[in-house]
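Going by my numbering, the sequence shown opens with residue 28, and the numbers climb by one from there. Quick reminder that beta carbons are idealized off the backbone N, C-alpha and C, glycines included. Inspection log for the structure reproduced underneath, given as structure tokens.
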Amino acid sequence: MSLPYLHFPSKLPVQTIAQNFSGGVDVLRLDELHPVISGNKWFKLKEHLHLAVTAKATGLVTYGGAWSNHLVAVAYAARQLKLPSAGIVRGEQLPFSALSQTLKDCLNYGMQLFFLSREEYAHKDELVAIASLQQQFPGYHRIPEGAADAAGVHGAATIVNTVPAFHTYTHICCSIGTGTMLAGIASACAAHQTAIGFSVFKKADGIREMVEALVPARDIPVRFELETRYSFGGYGKFPPELIDFMNQFYRETSIPTDIVYSAKLMAGVSDLFNKGCFPHGAKVLAVHCGGLQGNRSLPAGTLLF
Numbered sequence: 028m029s030l031p032y033l034h035f036p037s038k039l040p041v042q043t044i045a046q047n048f049s050g051g052v053d054v055l056r057l058d059e060l061h062p063v064i065s066g067n068k069w070f071k072l073k074e075h076l077h078l079a080v081t082a083k084a085t086g087l088v089t090y091g092g093a094w095s096n097h098l099v100a101v102a103y104a105a106r107q108l109k110l111p112s113a114g115i116v117r118g119e120q121l122p123f124s125a126l127s128q129t130l131k132d133c134l135n136y137g138m139q140l141f142f143l144s145r146e147e148y149a150h151k152d153e154l155v156a157i158a159s160l161q162q163q164f165p166g167y168h169r170i171p172e173g174a175a176d177a178a179g180v181h182g183a184a185t186i187v188n189t190v191p192a193f194h195t196y197t198h199i200c201c202s203i204g205t206g207t208m209l210a211g212i213a214s215a216c217a218a219h220q221t222a223i224g225f226s227v228f229k230k231a232d233g234i235r236e237m238v239e240a241l242v243p244a245r246d247i248p249v250r251f252e253l254e255t256r257y258s259f260g261g262y263g264k265f266p267p268e269l270i271d272f273m274n275q276f277y278r279e280t281s282i283p284t285d286i287v288y289s290a291k292l293m294a295g296v297s298d299l300f301n302k303g304c305f306p307h308g309a310k311v312l313a314v315h316c317g318g319l320q321g322n323r324s325l326p327a328g329t330l331l332f
């Protein structure tokens with residue numbers, strides 16, 4: 028599906044960042060896909076947008092936090108489709124001047140924002156809450172947070188179609204937020220390939236179950252591995268050593284990363300490769316998930332990019 032005024036390339040740049048006698052690491056530059064619907068957001072959203080258009084939905088409604096790449100991508104896509112949009116935001120209502128720049132962008136793209144306390148937000152996916160949402164926004168197409176459902180996974184699986192010679196890679200690494208991208212990529216991998224998800228959460232409890240719940244049912248089980256040692260303190264945490272890594276990584280590769288997802292993935296993949304943890308001859312693909320909204324929360328000058 029294509030959106031008005033949006034044109035996405037069928038193949039995306041792959042950049043080599045490490046290579047030696049035993050193997051190499053490439054980065055799939057999903058971050059170069061689009062300045063707003065960045066990285067994996069397009070892939071996770073495209074099936075939902077198709078469903079909304081096909082069903083003649085009267086609008087789009089979804090969820091996210093103050094620095095959500097997902098929220099701003101939905102807001103922008105809805106504007107391109109000439110549909111109203113609503114964003115259910117985790118956190119207390121604030122005056123416009125105190126909102127994050129991400130939420131201000133959502134408003135500028137025409138999205139209405141509605142705020143829930145963190146306790147209320149934790150129950151947003153319960154049937155009662157969904158029914159109430161459907162009453163509040165009749166005819167709107169509901170997109171789960173991070174597009175974490177079958178449609179989002181199906182779209183995420185098509186990420187591999189953008190990779191030149193995808194079959195030559197032995198290990199495909201990506202970050203885990205909702206688990207949607209890992210579930211999609213893992214379901215698209217061949218038997219000789221290993222999908223590895225790098226968690227951004229401090230606690231690993233429940234992550235495997237979260238991803239497995241999203242994996243589509245099929246005759247051959249979908250296999251994936253989890254790497255939980257590179258959360259740098261947990262979701263949204265960015266200790267000085269992570270900032271140092273981001274700046275050094277940018278100096279060496281000219282690849283910008285974000286404090287929430289991609290920096291932790293690249294730090295983990297780089298560390299494992301440098302320590303020889305991948306098998307001899309491994310050809311590793313690290314999928315840059317795009318979306319740098321979280322960096323906008325940092326003081327000016329913190330990052331080189």
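Query                                                                                                                                              : Result
Helix, strand or coil for Ser95, going by three-state DSSP, please let me know.                                                                    : coil
Figure out for me which residue from Gln275, Ala231, Phe276 has the closest Cα to the Cα of Arg256.                                                : Ala231
Alpha carbons only, please: which of Glu254, Val287, Gly263, Phe265 is nearest the one belonging to Leu299?                                        : Glu254
Can you check which of these residues, Arg235, Arg56, Val249, is closest to Ala218 by C-alpha distance?                                            : Val249
Please go through the segment 124 to 173 and give each complete alpha helix (DSSP H) segment of 4 or more residues, from N-terminal end onward.    : 128 to 135, 145 to 148, 154 to 163
Considering Ser112, what are the terminal residues of the beta strand (DSSP E) in which it resides?                                                : 112 to 117
Counting only the same chain and skipping the five closest in sequence on each side, list residues whose C-beta sits under 7 Å from that of Leu87. : Ala79, Val101, Ala105, Leu110, Ser112, Tyr167, His168, Ile170
Excluding five sequence neighbours on each side, which residues of the same chain lie with their C-beta closer than 7 Å to the C-beta of Leu60?    : Phe35, Leu39, Gly66, Trp69, Gly317
Where does Ile64 sit, in a helix, a strand or coil, going by DSSP?                                                                                 : coil
Tell me which residue opens and which closes the alpha helix (DSSP H) that Ala222 is part of.                                                      : First-last for Ala222: 221 to 226, but that is the beta strand (DSSP E), not the alpha helix (DSSP H).
Under 8 Å, do Ser214 and Val242 count as touching if we go by C-beta distance?                                                                     : yes
Below 6 Å CB to CB, which residues in the same chain sit around Lys71 once its five sequence neighbours on both sides are set aside?               : Ala174, Gly179, Gly182, Ala183, Thr207
On the DSSP bridge assignment, give the partners of Leu312 in chain order.                                                                         : Asp53, Ile199
Going straight from the alpha carbon of Ala93 to that of Ile115, what length do you get?                                                           : 10 Å
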